[in-house]
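For reference, the structure is listed below as structure tokens.
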């Protein structure tokens, strides 16, 4: 078991334990039965996520990596692997649904509305929790509906379009909020090759993979990249380099 996999499991356990403690406090669970049902739901979600992580790792270990050839593509649209988007969106929807169903089971909506006391801070905390949780659920549904169309790069002959995510690898982590936000972004920013001075590649098992653009103006862009496999990242980088070098030779 490698270090990255251990970190995944630790983060997952911490998240579940945090929810296990905070939610009962906010909603003031009074019966052992209610708390046990909540614990069972958390165990189900945790088991599902562990299963997906283990399955993903095994598939990655045994898969035959494909050979990528993008030479014939006029414009290359680089998608985030649909399996990644499906896993993340399914986890969000599953967790949100189970938690909301449990909370309404413990305290039905009619009883909950009758118990609202707007002079209490706890009431506003519960309302805020429900609103945020509902938005969280909606974001999961939206991601699932567009799971096959999450574009992280669009590489043309004279420019490329990228997600507006700039993360310095010295402080970033593979699963930072900025990198996770790539799954939910739709807008792409256009970048002309003529503005670029050099293009470099950065690989790290802990910090993640990056394409580094150094501009003639002195600015540096650290663009995180979510690769399907090892060959995919190298193939996309070489494709960008070929387009960049070709444009430079045409200008000169």
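Residue numbers (the working numbering): 1 to 252.
Where is the CB? At the ideal position from N, CA and C, for every residue including glycine.
Exposed unless 16 or more other CB atoms sit within 10 angstroms - verdict on residue i
{"i": "residue 245", "result": "exposed"}
{"i": "residue 224", "result": "buried"}
{"i": "residue 131", "result": "exposed"}
{"i": "residue 208", "result": "buried"}
{"i": "residue 235", "result": "buried"}
{"i": "residue 183", "result": "buried"}
{"i": "residue 304", "result": "Lying before the first or after the last residue shown, residue 304 is absent from the chain, which here runs from 1 to 252."}
{"i": "residue 228", "result": "buried"}
{"i": "residue 185", "result": "exposed"}
{"i": "residue 121", "result": "exposed"}
{"i": "residue 92", "result": "buried"}
{"i": "residue 180", "result": "exposed"}
{"i": "residue 99", "result": "buried"}
{"i": "residue 162", "result": "buried"}
Candidates the options, of which the one nearest residue i by Cα
{"i": "residue 86", "options": "141, 234, 222, 168", "result": "141"}
{"i": "residue 164", "options": "157, 143, 187", "result": "187"}
{"i": "residue 214", "options": "193, 205, 226", "result": "193"}
{"i": "residue 218", "options": "195, 150, 157", "result": "195"}
{"i": "residue 152", "options": "211, 220, 91", "result": "211"}
{"i": "residue 230", "options": "146, 94, 205", "result": "205"}
{"i": "residue 191", "options": "243, 94, 185", "result": "243"}
{"i": "residue 326", "options": "185, 182, 158", "result": "Absent from the model: residue 326. The displayed extent of the chain is 1 to 252, so no value can be given."}
{"i": "residue 222", "options": "103, 156, 198, 81", "result": "198"}
{"i": "residue 103", "options": "92, 126, 83", "result": "126"}
{"i": "residue 201", "options": "83, 240, 88", "result": "240"}
{"i": "residue 226", "options": "75, 79, 44, 43", "result": "79"}
{"i": "residue 220", "options": "83, 119, 168", "result": "168"}
{"i": "residue 143", "options": "232, 89, 238, 84", "result": "89"}
{"i": "residue 322", "options": "189, 84, 138", "result": "What is shown of the chain runs 1 to 252, which leaves residue 322 out entirely."}
Per DSSP, the bridge partner or partners of residue i
{"i": "residue 79", "result": "151"}
{"i": "residue 199", "result": "213"}
{"i": "residue 180", "result": "BP columns for residue 180 are empty, so no partner."}
{"i": "residue 224", "result": "210"}
{"i": "residue 161", "result": "154, 190"}
DSSP three-state assignment for residue i, whether helix, strand or coil
{"i": "residue 234", "result": "helix"}
{"i": "residue 242", "result": "helix"}
{"i": "residue 192", "result": "strand"}
{"i": "residue 66", "result": "Any reading at residue 66 needs caution, since the residue's pLDDT is 47, under 50, leaving its predicted position unreliable; the model's value is listed next. Coil at residue 66, not helix or strand."}
{"i": "residue 187", "result": "coil"}
{"i": "residue 145", "result": "helix"}
{"i": "residue 248", "result": "helix"}
{"i": "residue 218", "result": "coil"}
{"i": "residue 139", "result": "helix"}
{"i": "residue 167", "result": "coil"}
{"i": "residue 90", "result": "helix"}
{"i": "residue 96", "result": "helix"}
{"i": "residue 123", "result": "helix"}
{"i": "residue 204", "result": "coil"}
Supposed close pair residue i, residue j - CB separation, criterion 8 Å
{"i": "residue 136", "j": "residue 96", "result": "6 Å"}
{"i": "residue 155", "j": "residue 81", "result": "The pair is not a contact, with the Cβ atoms about 17 Å apart (cut-off 8 Å)."}
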